[in-house]
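Structure first, commentary second.
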Amino acid sequence: MTSIRCSNLFIPQQNHEQQTREIRFSEHDPIPTHCNGDDPLVIKADVGGTMIHRIYVDGGSSAEILYDHCFQHLCGALKATLQPPTTPLIGFAGQPLWPLGVITLPLTMYDYNGGGSKTTVVDFMVV
Numbered sequence: 263m264t265s266i267r268c269s270n271l272f273i274p275q276q277n278h279e280q281q282t283r284e285i286r287f288s289e290h291d292p293i294p295t296h297c298n299g300d301d302p303l304v305i306k307a308d309v310g311g312t313m314i315h316r317i318y319v320d321g322g323s324s325a326e327i328l329y330d331h332c333f334q335h336l337c338g339a340l341k342a343t344l345q346p347p348t349t350p351l352i353g354f355a356g357q358p359l360w361p362l363g364v365i366t367l368p369l370t371m372y373d374y375n376g377g378g379s380k381t382t383v384v385d386f387m388v389v
């Protein structure tokens, strides 16, 4: 099963400010029977034309992560847009990890009932 970890849904703007997108739920949205309130938020979305079935949403992260095994499922034209990394990721213990690169992809999320969708462009660090 293909999966990626999609942390915050924020988009760096040209002037280096960040635009934050809210994710909202209503009482009409389905709640899994096994959910106890402490579970991670897992969604499904279209990333660069590939449906990703397990996206982990982490509101506390400062980077959007796309794992290499998911990157490999993208079409060749999209993979060719991978740019060299300009900065490392810093782990909890402070050690740097250099990503394979950075790629800008459209991320589309759909209404649960299929009534609509929202697309935004996200810069992912490929690790």
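Positions 263 to 389 (the working numbering) are the ones given, in order, by the sequence shown. Idealized CB from N, CA, C, for every residue including glycine. Bear in mind that the values here come from a model prediction, so they are computed numbers and not experimental data.
Cα-Cα separation, residue i to residue j
{"i": "Thr381", "j": "Gly310", "result": "10 Å"}
{"i": "Tyr372", "j": "Phe386", "result": "20 Å"}
{"i": "Cys337", "j": "Gly353", "result": "30 Å"}
{"i": "Val389", "j": "Ser379", "result": "28 Å"}
{"i": "Pro361", "j": "Leu351", "result": "7 Å"}
{"i": "Ile314", "j": "Leu328", "result": "11 Å"}
{"i": "Lys341", "j": "Asp308", "result": "16 Å"}
{"i": "Gly377", "j": "Pro346", "result": "38 Å"}
{"i": "Asp330", "j": "Ser324", "result": "19 Å"}
{"i": "Gln357", "j": "Glu289", "result": "42 Å"}
{"i": "Ala339", "j": "Tyr318", "result": "26 Å"}
Continuous beta strand (DSSP E) stretch holding residue i: start and end
{"i": "Gly363", "result": "363-372"}
{"i": "Phe333", "result": "Premise fails: Phe333 lies in the alpha helix (DSSP H), 330-333, not in any beta strand (DSSP E)."}
{"i": "Ser379", "result": "379-388"}
Nearest residue (CA-CA) to residue i, options the options
{"i": "Leu369", "options": "Glu326, Asp320, Ser288, Asp291", "result": "Glu326"}
{"i": "Gly321", "options": "Asp330, Thr312, Leu303, Phe333", "result": "Leu303"}
Own chain, CB closer than 8 Å to residue i, minus 5 neighbours either side, in chain order
{"i": "Thr348", "result": "Val364"}
{"i": "Val383", "result": "Ile273, Thr366, Leu367, Pro368, Leu369"}
{"i": "Leu359", "result": "Pro350, Leu351, Ile352, Gly353, Val389"}
{"i": "Leu344", "result": "Phe333, Leu362, Gly363, Val364, Ile365, Val388"}
Cβ-based neighbour list, residue i, same chain, cut-off 6 Å, excluding 5 preceding and 5 following
{"i": "Lys306", "result": "His315"}
{"i": "Ser355", "result": "Reading off the sequence, residue 355 comes out as Ala, not Ser. Correct list: empty, nothing qualifies."}
CB contact check: residue i to chain C, cutoff 7 Å
{"i": "Gly311", "result": "In summary, chain C is missing from the structure at hand, where a single protein chain is found."}
Contact set for residue i: own chain, Cβ-Cβ below 7 Å, skip 5 residues either direction
{"i": "Ala312", "result": "Per the sequence shown, residue 312 should be read as Thr rather than Ala. If we look at Thr312 and ignore the five residues flanking it on each side, its Cβ neighbours are His335, Leu336."}
Terminal residues of the alpha helix (DSSP H) in which residue i lies
{"i": "Leu344", "result": "It is not in any alpha helix (DSSP H) - Leu344 carries neither H nor E in the DSSP assignment."}
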